[in-house]
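Novice: In mature numbering (1 follows the signal peptide of the UniProt record, and there is no 0), the protein residues as written are -21 to -1, 1 to 400.
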Amino acid sequence: MKKMVGSLVLSAAVLGVAGCAGDSSSGSSDGTELNFWVFGATNYEELAAQYMEENPDVSIKVNFSEMGDLHNNLFTAVSSNSGAPDVTMVEVSQIAKFLDAQDRFYNLYDYGAEDVKGDYLEWKWNIAENTDGDYLLGLPTDIGPSVMFYRKDVFEEAGLPTEPEEVQPLVTDWEGFKEVAETVHSETGKVMLDTPETMFAAIRDQAPEQYFNTDDELIINESPYVREAYDTTAEMIKAGLIGKNEMWTPEWGNAMAEGSSGALLAPSWMVASIKGNAPDAEGDWGIVQMPEKAGNWGGSYIAIPKESKHPEEAYEFVEWLVAPERQLQSFNDSGMFPSAPAVYSEESFLNTSDEYFGGLNTAEIFAEAAETVEPIYMGKNYSIVHDELMTALINVASEGKDPDKEWDEAVKRITSQLDRQ
């Protein structure tokens, strides 16, 4: 998701913080003007146009940028009280960072958010609350429930079953997954996964805690879960079951196209990358539930910075934008998986089938995964820890370095960076 660049630049207003700031909170002579910062593959331009048609006294400028740029610009803007938009997306891994600066954002409970709380998955909603539960940073948009995508052609080459109802019993737990991986490797010479990141993330996201406790204290040396995910991944790398590619690189995309690995542990939004990288592999992919249970990878919220002079109008737009009806539109138009369970019973959702995946009802599969997710505290410095641990695992995979030494070096780098925060 972090590489799903929003390339649809709508106006010259997208020129960094200063350009985006412009008249971000100004009212026009014809009514209220709202500036909306967006990243990724969304249908928010079309929905904003629909909202303006229904509310002609409101003008909405939708400004797209890359996810990292948006969050960097937003943090700079709210820190300096200058240049923030009226409305902004915030990715889930960044929520804790901005909750730490909650005085720079409106509390959406003050504008009626409590009235719509029941419309969303509880775990998704709770992530945007403060620890006291009396402050809400943003309303929920999409989620990223994780599943196991697999290559039917590779499984067939390995002498394994290929249909989902036969594959699922083989991977109910990680021991079964490893046995399948060993079969794939021994019979085809291929790896089960072509990147360490997806294996590590899949196990980590099933744990009750990750990198930090709720006081933002680093716990990876005291808590066993992250180290277990790291060690399991390293062991599978050493056994030749996991490849060395980094996600989002050309090599990673080429491996997907060539079918050089047996599976991909990934969130629902990975469908777009699979189809984009392997357009000729229609029918070669299947989907089953993740071993043991799903985690969540990605998804966003919509927040309103304090700099906006129109919080009431901004909230009305945000509540409308992420209502179940619009989440269904976003799913149909852009593949954004809904965080509003009411959508899961809609006929157009239930009847969603994807010929690329052999006619599977992908929506139903992802919905089943979504309802097993449990919330995890990510922490405001999540990306620092994650990036360094990924560097360590890539070093193990690509250079054959010792996993224990790489872990120790990663922890040193993490601690040094956190000391500077």
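Glycine included, C-beta positions come from ideal geometry on N, C-alpha and C. Just so you know, these numbers come straight off a predicted model, no measurement behind them.
Give me the DSSP bridge partner(s) of V66.
Specialist: DSSP output for V66 lists F15 as bridge partner(s).
Novice: Identify whether A371 lies in helix, strand or coil by the three-state DSSP scheme.
Specialist: In the structure shown, A371 sits in a helix (DSSP, three-state: H, G or I).
Novice: Assign R399 to one of two classes, buried (16 or more other C-beta atoms within 10 Å of its C-beta) or exposed (fewer than that).
Specialist: When all chains shown are included, R399 counts as exposed.
Novice: With a CB to CB cut of under 8 Å and the five nearest residues on each side skipped, what residues in its chain are close to V95?
Specialist: Closer than 8 Å at the Cβ level, and outside the excluded window around V95, lie L118, E298, A302.
Novice: Can you give the beta carbon distance from A260 to G238, rounded, assuming they're within the 8 Å contact cut?
Specialist: Right, their Cβ atoms sit about 7 Å apart.
Novice: Please state whether DSSP places K254 in a helix, a strand or coil.
Specialist: Of the three classes helix, strand and coil, the one that applies to K254 here is helix, per DSSP.
Novice: Are the CB atoms of V66 and A293 within a distance shorter than 8 Å?
Specialist: Yes.
Novice: Note down, in chain order, each residue of its chain lying with its Cβ closer than 6 Å to the Cβ of A137, except the 5 sequence neighbours on either side.
Specialist: Contacts found: T162, V163, E166, T167.
Novice: Along the chain, where does the alpha helix (DSSP H) containing V163 start, and where does it finish?
Specialist: Here the alpha helix (DSSP H) through V163 covers 153 to 167.
Novice: Could you compute how far the alpha carbon of P270 sits from the alpha carbon of Y204?
Specialist: If you take the alpha carbons of P270 and Y204, they lie about 16 Å apart.
Novice: Ends of the beta strand (DSSP E) at T120?
Specialist: Counting along the chain, the beta strand (DSSP E) containing T120 begins and ends at 117 to 130.
Novice: Within 10 angstroms of its Cβ, does D89 collect 16 or more other Cβ (buried), or is it exposed?
Specialist: So D89 counts as exposed.
Novice: Using the Cα positions of W102 and K272, report the straight-line distance between them to the nearest angstrom.
Specialist: Cα to Cα, the separation comes out at about 15 Å.
Novice: Bridge partners for K40 per DSSP, in chain order?
Specialist: K40 pairs with N14.
Novice: Are the beta-carbon atoms belonging to F316 and F345 less than 8 Å from one another?
Specialist: Yes.
Novice: Between G6 and Y280, what straight-line distance do the alpha-carbon atoms span, to the nearest angstrom?
Specialist: Residue placement at G6 cannot be trusted, given a pLDDT of 40 that sits under 50; what the coordinates show is reported in the next sentence. So the alpha carbons of these two residues sit roughly 24 Å apart.
Novice: Cα separation between residue 401 and D82?
Specialist: In the structure displayed, the chain extends from -21 to 400; residue 401 sits before or after that span and is not available.
Novice: Are the stretch 24 to 39 and the stretch 245 to 258 touching, with three or more C-beta to C-beta distances below 8 Å?
Specialist: Touching, no, given that fewer than three Cβ pairs across the two stretches are closer than 8 Å.
Novice: Using C-beta distances below 6 Å, list every residue in its chain close to E375, excluding the 5 sequence neighbours before and after it, in chain order.
Specialist: This sequence places Val at residue 375; Glu is not what is there. If we look at V375 and ignore the five residues flanking it on each side, its Cβ neighbours are A213, I216, P382, E385.
Novice: Can the beta-carbon of Q185 be found closer than 8 Å to that of V267?
Specialist: Not in contact: Q185 and V267 (Cβ atoms no closer than 8 Å).
Novice: Which stretch, first to last residue, makes up the beta strand (DSSP E) that contains G47?
Specialist: That residue, G47, is in no beta strand (DSSP E); its alpha helix (DSSP H) goes 46 to 59.
Novice: Going straight from the alpha carbon of G379 to that of K169, what length do you get?
Specialist: Using only the alpha carbons, I get a separation of about 18 Å.
Novice: Which first and last residues belong to the beta strand (DSSP E) in which S279 is found?
Specialist: Per DSSP, S279 belongs to the beta strand (DSSP E) from 275 to 282.
Novice: Quick check on this structure: which residue in P284, V126, S202, L372 has the alpha carbon closest to the alpha carbon of T341?
Specialist: Nearest option by C-alpha distance: V126.
Novice: Using DSSP with H/G/I as helix, E/B as strand and the rest coil, what is K(-19)?
Specialist: Low confidence applies to K(-19): its pLDDT is 37, below 50, so where it sits in the model is not reliable enough to give any reading.
Novice: Below 8 Å, can you find three or more Cβ-Cβ pairs linking the stretch 390 to 398 to the stretch 355 to 370?
Specialist: Result yes; three or more Cβ-Cβ pairs closer than 8 Å.
Novice: So, for V(-8): in the same chain, excluding its five sequence neighbours on each side, which residues have a beta-carbon less than 7 Å away from its beta-carbon?
Specialist: Confidence at V(-8) is low in this model, with a pLDDT of 35, below 50, so its placement is unreliable and the value that follows should be read with caution. Here the set comprises C(-2), N42, F43, S44.
Novice: My guess is that G47 and W276 are in contact by the Cβ rule of under 8 Å, so how many angstroms apart are they, rounded?
Specialist: Incorrect: roughly 17 Å between the Cβ atoms, too far for contact.
Novice: Return yes when the Cβ of F77 is within less than 8 Å of the Cβ of K285, no when it is not.
Specialist: No, the pair does not count as a contact, with Cβ atoms beyond the cut-off.
Novice: Using only CA atoms, which one of L307, E334, Q308 lies nearest to G262?
Specialist: Out of L307, E334, Q308, E334 has the C-alpha closest to the C-alpha of G262.
Novice: With 16 as the cutoff for other CB atoms within 10 Å, does A160 come out buried or exposed?
Specialist: Buried, by the Cβ-count rule.
Novice: In the DSSP assignment, what are the bridge partners of E108?
Specialist: Paired residues: L115.
Novice: Going by DSSP, what residues sit across from G265 in a beta bridge?
Specialist: According to DSSP, G265 bridges with Y129.
Novice: Exposed or buried, E32, counting other C-beta atoms within 10 Å across all chains shown (16 or more means buried)?
Specialist: It is exposed - the Cβ of E32 has fewer than 16 other Cβ atoms within 10 Å.
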